[in-house]
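Structure first, commentary second.
Residue numbers (full-length UniProt numbering): 1 to 268.
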């Protein structure tokens, strides 16, 4: 069964992009296929897609040997557009209406699971933080963000983009920018460039309790990143806490490695 061009699907469902939903659609089939290939072989894998929009990325995933695709969408217009693919999916597609931030992806799909998504700009970081806390339950994540956000995910200590997100990512996944996507590739073009990030969970994960404490420490440290740590961490013990774990109280947040943040979290 031949599929209509994505622009026809968009017109048929009145799927003009909405800024409130952070929507920017990719319509180039070759580019969408490249993004899916970043995930590697998908045979036997259950793929989760968040925010399918008109279904372009969904089509590219269906073209692989993925066992099943679960597409989660909050926009009723996009739900209708993506649901058109049910007729050609051979039972491999399930469209879920709802907010991905309020859905436990582990409860609606079986392992092995991979997330492949062009995330909405206004909620992508919040989704990623949640999934990093659940990293052990995913085989991989292939996610598109604004390029600056992608840089924040993989940033190393001492670099301008290093912060709370980079610490959390470093402790839970092996991350890399797999490809850049120019603004002109989207409809409508956003004001910024984008990037596809490939995240592979570490075999051994920190406990949820430890990640929570790391979050507490990094929130305080990076919340006042211009201060020395003895000042930014004053509410958590300041110099006494730092001296207990052998970290110079006059250092600043961006100089600490993820492992040093773990030491501070363990000492709380």
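Glycine included, each C-beta is placed from N, C-alpha and C at the ideal position. For clarity, every value in this text was computed on a predicted model and none was experimentally measured.
### Query
Quick one: what's got a C-beta closer than 8 Å to residue 249's C-beta in the same chain, skipping five residues either side?
228, 229, 230, 238, 239, 242 and 243
### Task
In angstroms with no decimal places, state the Cα-to-Cα distance between residue 40 and residue 176.
14 Å
### Message
Less than 8 Å between CB atoms is the rule here; does residue 70 satisfy it with respect to chain D?
### Response
Absence of chain D from the displayed structure is noted, only one protein chain being present.
#### Entry: As assigned by DSSP and simplified to three states, the class of residue 88
Annotated three-state conformation of residue 88 is helix, per DSSP.
### Query
If you draw a straight line from the C-alpha of residue 223 to the C-alpha of residue 232, how long is it?
In this model, residue 223 and residue 232 are separated by some 7 Å (Cα to Cα).
#### Entry: Reference residue 182, options 2, 28 and 78, closest by Cα
Looking at the Cα atoms, 28 is the closest of the given residues.
### Query
The beta strand (DSSP E) with residue 175 in it runs from where to where?
DSSP places residue 175 inside the beta strand (DSSP E), whose first and last residues are 173-181.
#### Entry: Close-in-space but distant-in-sequence residues of the same chain around residue 106 (CB under 8 Å, 5 per side omitted)
113, 134 and 137
### Task
Determine the closest residue to residue 255 out of 264, 226 and 157, with distance taken between C-alpha atoms.
157
### Task
With DSSP as the reference, please indicate the residues paired to residue 194 in a beta bridge.
146 and 181
### Query
When you compare each of 252, 9 and 199 to residue 345 by their alpha carbons, which one comes out closest?
Outside the shown range of the chain (1 to 268) lies residue 345, about which nothing can therefore be said.
#### Entry: Given 8 Å, three or more beta-carbon pairs between the region 181-195 and the region 212-223
no
### Message
Determine whether the beta carbon atoms of residue 85 and residue 62 lie at a separation below 8 Å.
### Response
yes
### Query
To which residues of the same chain is residue 214 closer than 6 Å at the C-beta, ignoring the five residues directly before and after it?
261 and 265
### Task
Rounded to whole angstroms, what's the CA-CA distance from residue 81 to residue 44? Just pull it up for me.
26 Å
### Query
In this structure, does DSSP put residue 80 in helix, strand or coil?
helix
### Query
Using the C-alpha atoms, what's the distance from residue 180 back to residue 90?
Roughly 32 Å separates the two Cα atoms.
### Message
Since residue 142 and residue 38 should fall inside the 8 Å C-beta cutoff, what is the C-beta to C-beta distance between them, to a whole number of angstroms?
### Response
5 Å
### Query
Does DSSP put residue 103 in a helix, a strand or coil?
coil
### Query
For the alpha helix (DSSP H) that contains residue 133, what are its first and last residues?
124-133
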